[in-house]
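Only one structure is covered here, and it is reproduced in the block below.
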Amino acid sequence: MFGYAGKMLEVYLSTQKIKTRKLEPDLARDYIGGIGFNARILYDEIPAGADPLGPDNVLVFSVGCLVGTPFPTASRMEVSAKSPASNGFGSSNSGAFLGLRLKCAGYDGMIIKGQAQKPVYLLIEEDTIEIKEASFIWGKDAWESIDLLRARHYGAEIILIGQAGENLVRFASIENGYYDGFGRTGMGAVMGSKKLKAVVVRGSKPIVPADPQGVLELSAKGQKLIKSASSYQAFCAYGTMNATIPYGGFNALSVHNYSRGTLPDWKQKAGRQIVDIYGSRHIACQSCIIACGHLAEINEGKYAGTLVKDMEITPTVSYSSNVGLSTEASIKSSELCQRYGIDMSSSGSVIAFAMELYQKGIINKDDVGYELAFGDDDAAFALLRDISLRQGIGDILAEGVKRAADHWPGADDYAIHVKGVEVPMIDPRGRWSTWTLGMLTNIRGGDHLRCRNPVENLRYNENLYHYQKERFGFKKPMYDRLDMPENLKSAAIDLESDTVDIAIMSKWAEDLINLYNSVGICIRPPVMETIGPTLLAEIYTCMTGIPMSPDELMMGSERAWNLMKLFNIRHGEVAGDSKFPRRFYRELQSGNIVDEDKVQAVLEQYWQARGWDPGTGHPLPETEKRLGI
Amino acid sequence: MRIIIIGNGAAGNQAAQTIQDYDPEAEITILGAESIPFYSACALPDYLAGWIKRDQLFLRSSLERHRVEIRLGQAVEDIKPDRQAVSAGGELLFYDRLIIASGSRPVLPNIPGTGLPGNFVIKSVYDIDRILSHNPRRIVVIGSGNIGIEAAEALASRGCQVSIIEMMPRIMPRLFDEQPAMLIRNILEENGIEIHTGEKAREVIGKNKVEGLITDCRRISCDAVIWAAGVRQNTELARAAGIEIGGLGGIKVDSQMKTSHPAIYACGDCIETSDLLTGKPALCLLWSCAKAQAEVAARNCLGEEIVYPGALKLIAEEAYGKPCMAAGLLEEELDRTGLKIIEKETENTYHRILIKNERIMGIQAVGSMEAMGPLLYFMKKMIAPSEIKRIINSPALLKNMPWMLAIDKYWQ
Amino acid sequence: MKQKRLYHNTSLCDGCGLCQLVCALEHCGQWNHYQSRIKIVNDMEREAFYAVCCTQCEEAPCILTCLMNTIYKQPGSDITVRDLYHCIGCRACELACPFDAAVFDVIQEKVVNCDLCGGRPLCVEYCPNHALTYDYPGDQADKKRNQAALQRFGTSLLEVFKFSGKEA
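Residue numbers (the working numbering), protein chains in the order written: chain B, 72 to 700; chain P, 210 to 621; chain R, 7 to 174.
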């Protein structure tokens, strides 16, 4: 089978059995790879009502099908399982080098089932696949464990959990090497519940494309396209930090648990110039031509000696604005989160939540053991430790804001989450866009990474036509080069009024990002702006030898999205779950609240665009039939 | 200048090649006893296993036919140093310079039964052809040097049942110390090769052909015996011509590869040279040494004054896909006082570095050969530890290598 | 005769590994870590990425070490090339290379080295940051480096990789 490794690894931890499963050509063609495979496997193999932290949950890692080509940013890999945070489809994506190594070990993915009795780690080394005893690293933080594992297995790529995952913190992450991770939806807790500490991969099998020359040429074409993107230069220099200032200006930041929209010293604290101050060099993932990650180094002061790959908007907003820490403390928080193996977005939200409860007098020093205040880095890090190790109040907070709020009367008002997943970064009261609607429609709960207008314009911030439109604001060439079917493009973007229809664009953006997650490329704006299904279909055909049209490719992505929705419905999601935290509807922030009815109207438009029932948000039978689910 | 080279092996060809490169005017004659073209003896086990085809053994050569005369199947009858001539095939050939590269041959011990059909050595292509046409099923390999081990693996891969008999208490006794030898032994045994160490072959039994072997401890029935336990230098010609022979049995040469007789040089397996690390006389029967020596001999023939620094043992092997390497000296060859041994073992790799008087004297590795090159050069160039540390820490040339973890700790 | 050489600038390199991918795809039509003739090494301690690739030594130790005489200098140029037909994959040349630049290709079971793609190195074309360049050698730093290599490893190079980032 060209392009794919051709098989998936199936590990039964309860019985310590290991099998390989042939990759069915139908699955490969219909679901493309990455998250598509995960959607199918999870839908088929997790029974309704399964406990996310029990033996019935299935943890699936799948590599995107373009990984192994020199196509820019083709490095990504997706992990999915039933999420302990949302009780729905949990999924997270990461780049770096593991995806390629796993493919070189001969597998398109790993399916991990059951629960081990004792801590174990999985070793995939050429043809040997072993479940090995892991007590020597159990209880150790992620970085220490990596060092210990690397000493045993020279030159291997490692994914693992830290203490947070071991302690089943509901927003624990799976760390991918030192600096990268599968952050959201608590995949680390699932891995921890399986008592699987790490997966160590080393392999040297070839990845064979059907048409190597074609792959080379199309990769060069992709590179040229991405380099021509308007945001390319800025992204190369500053990565995602480019967006911190605009969002501060829009009053759309999550400051102090969303009690405010911006900070007066935000520009100094988190503007992109901090990259120049702390960043020492760029670090790329496999095949990436953008290299948005920076190695950040603190040379003096309290946190001297800290060295992390950081300078991303997510940890910065999470800790600098939500918890209110100083710049250096926020860089340090990245290290701590990576060591504990905990999601940076959610942990920041949970700490901010606790701090606000403390401020409001709902919890006090007796509950916590120390004082909590926004901006206090010692307290924040102590709480982070307590959560990761489930000590004291940390044991309650480790359940996430939704479940923790049930412990204290009145705390519910301060729990900022959608479907149990803490909302990161952006406040819809400050800026309404495709991106913010995406937090409601997101399959994995309150999250910002699965729906983003490919031509989002950060110069404008207008709430047009009752939440229905956002400003397009670009010139015609941008419209022309956007790779989108013509009829859909004219429906989504109205050049005359210079607006983008949020409902239609949300569907397209979700499908496009889902496609990226299936083929294994990155969702950084320079890529989203320029790479569309046309080029991806061409390179998919060159890579796998399977004829594929752009429409089929998008349909494959939509199919996976619908399947994930069906998974969520089977596991108890109802239409009423798609709503923002109460605070967004009731509490004024910079003079705005979110209008519940009008958002509901846009949401219904979106369901309609998807071919879902406008009343319940369930996929209609004809949609299922059209997609062949 | 007329130059005659005796021997059509690695040394002989390398000498001819060097002469051709440095002096386009020289007339070169190569006299080879075997009547087949230049081939690599090192690849014989690969041919035996069937991993490479017969024609892949024969090597490319950029000797120019009109200037280099290669006479195959012409054994030299004797050397007449006083007349500056050799006689071959009844003809007298005159030379200005003579290079002896007559090589070595395997020896069979003086025990009963070694004359029976089914006794083999591994030296030439014909030996392999003979083994293959004999088509043995149950084989005993005597000796566990690198040829012995490679032959055993090759035959095992052909589906034969193979046993190795080694006189010394561990396998590859001249190449590896005890622990790495044990690791390699485990790899071989896991793959079904039977190994008996500390035993000596006493007798080969059989009526008209080999039917078994008797050692100190056991009797093994087999249909072939491969002798890979010792070689002797081909020095008869030189000895007859009055050229001095060294204490270890090879032709004695100085550091310029000159023999006791002016105008006669020698290189390759047949000579006795000095060890790079200890400076003591040593035999070094390795392809890479032969080529280096040939180059030195050839250039000195032409009037340059090049000095051969000494032979360095260097072995790279693969035992069932696991790379193994050894270079320099062994623990037992070194005086124990002041000897430091650095060992680093992980699940799949093993590195051992011997250090004496702050100099690297030996390197052994099993499982990974990755990035051993620089370390080898530190040993060859006798670089002091402080300098090594500087190189390790300088970003320009090196990177983190498995052995570095070990060595870094040692010198920090 | 002056030949163009491959240069790598650590200060521009992000470690994306594209050069490795295109190298393997171009030479083998498939991808595998061990088939790429160029290796990018991530040195976290020194916060830098280094390229390891054949330096086309003047007196290449691999040539002398080869058991099968498969390695030679391309006539008319000084590029080290291999005749893979005879290579038995003994890896002696890998061991002999002081720069760790010979690559054991596990699929073919043969050792390979950079051949500069016949004068049009693909890694240079695909390098997004122009960290890899293909140019004529010449300046003083090259000479210094050459001497350093000669002294350390006893083999003089036509050109060693030039690192304009952090000098030795």
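Note that CB positions come from ideal geometry on N, CA and C, so glycine has one too. On a predicted model such as this, the values are computed, not experimentally measured, just so you know.
Between B/LEU169 and B/VAL272, the C-beta spacing is below 8 Å. For R/CYS72 and R/ARG97, the gap between their C-alpha atoms comes out near 9 Å.
Residue pairing by DSSP puts P/GLU526 in a beta bridge opposite P/CYS533.
Taking P/ASP386 as the centre and dropping the five residues before and after it, the same chain places the C-beta of LEU539, GLU540, ARG561 and GLN573 closer than 7 Å to its C-beta, in chain order.
The CB of R/PRO134 comes closer than 7 Å to the CB of GLN294 and ILE360 in chain B, given here in chain order. Spanning the alpha carbons of B/TRP209 and B/SER151 requires a straight line of approximately 23 Å. Within the same chain, VAL350 and ALA437 come within 6 Å of P/GLY357 by CB-CB distance, once the 5 residues on both sides are set aside.
The region 226-256 of chain B is shown to contain whole alpha helix (DSSP H) runs of 4 or more residues at 234-237, in chain order. For P/GLU579, no beta strand (DSSP E) encloses it, and the DSSP letter there is neither H nor E.
Here B/GLY342 has THR315 and ILE316 as same chain residues with Cβ atoms under 7 Å from its own Cβ, once five neighbours each way along the sequence are excluded. In the DSSP assignment, R/ASP111 falls within the unbroken beta strand (DSSP E) covering 109-111. A distance below 7 Å between beta-carbons, with the five flanking residues on each side excluded, links B/ALA631 to the following residues of its chain, in chain order: TYR102, ILE106, GLY107, ALA110, ASN585 and SER589. In the three-state DSSP reduction, R/VAL130 falls in the helix class (H, G or I).
Nearest to B/SER330 by alpha-carbon distance, out of B/PRO690, B/ILE487 and B/PHE638, is B/ILE487.
Listed in chain order, the positions of the region 483-496 of chain P with a beta carbon within less than 8 Å of a beta carbon of chain R are TRP496.
Judged by DSSP secondary structure, P/LEU446 falls within the alpha helix (DSSP H) whose first and last residues are 445-449.
Residues of chain P with a Cβ closer than 7 Å to the Cβ of R/THR71 are, in chain order, SER497. The C-beta of B/HIS224 comes closer than 8 Å to at least one C-beta of chain P. Where B/ARG474 is concerned, there is no enclosing beta strand (DSSP E), although the alpha helix (DSSP H) around it starts and stops at 472-475. Look at P/ILE393 here: in three-state DSSP terms it is helix. For B/LYS268, the enclosing beta strand (DSSP E) has its first and last residue at 267-273. In this structure, B/THR570 keeps its C-beta atom at 8 Å or more from the C-beta atom of B/GLU600. In the structure shown, the three-state DSSP call for B/PHE306 is helix.
Segment contact: the region 223-243 of chain B against the region 459-477 of chain B, three or more CB-CB distances shorter than 8 Å; contact assigned. B/GLY350 does not reach chain R, its nearest Cβ partner there being about 11 Å away, counting only Cβ pairs nearer than 8 Å. Within chain B, the residues SER275 have their CB atoms less than 7 Å from the CB of R/TYR40, given in chain order. Beyond the five residues adjoining it in sequence on each side, B/LEU691 comes within less than 7 Å, by CB distance, of GLY682, TRP683 and ASP684 in the same chain, given in chain order. Taking a C-beta cut-off of 8 Å against chain R, the contacting residues of the region 135-148 of chain B are GLY139, THR140, PRO141 and PRO143, listed in chain order.
Selection B/PRO621, B/LEU520 and B/ASN534 evaluated against B/ALA580 yields B/LEU520 as nearest (Cα-Cα). When the five nearest sequence neighbours on each side are left out, the beta carbons in the same chain lying within less than 8 Å of the beta carbon of P/ALA449 are those of ASP287 and ILE288, in order along the chain. Within the region 559-592 of chain P, contact with chain B at the beta-carbon level (separation under 9 Å) is assigned to GLY576, SER577 and GLU579. Taking a contact as a CB-CB distance under 8 Å, the pair P/LEU584 and R/HIS92 does not count as one, their CB atoms being some 28 Å apart.
In this structure, B/SER416 keeps its C-beta atom at 8 Å or more from the C-beta atom of B/SER459. Per DSSP, the beta-bridge partners of B/LEU193 are B/ILE202 and B/VAL270. Under the Cβ criterion of 8 Å, P/PRO532 is counted among the residues facing chain R. Its Cα nearest to that of B/GLY74, the residue B/ALA281 stands out among B/HIS327, B/ALA222, B/GLN339 and B/ALA281.
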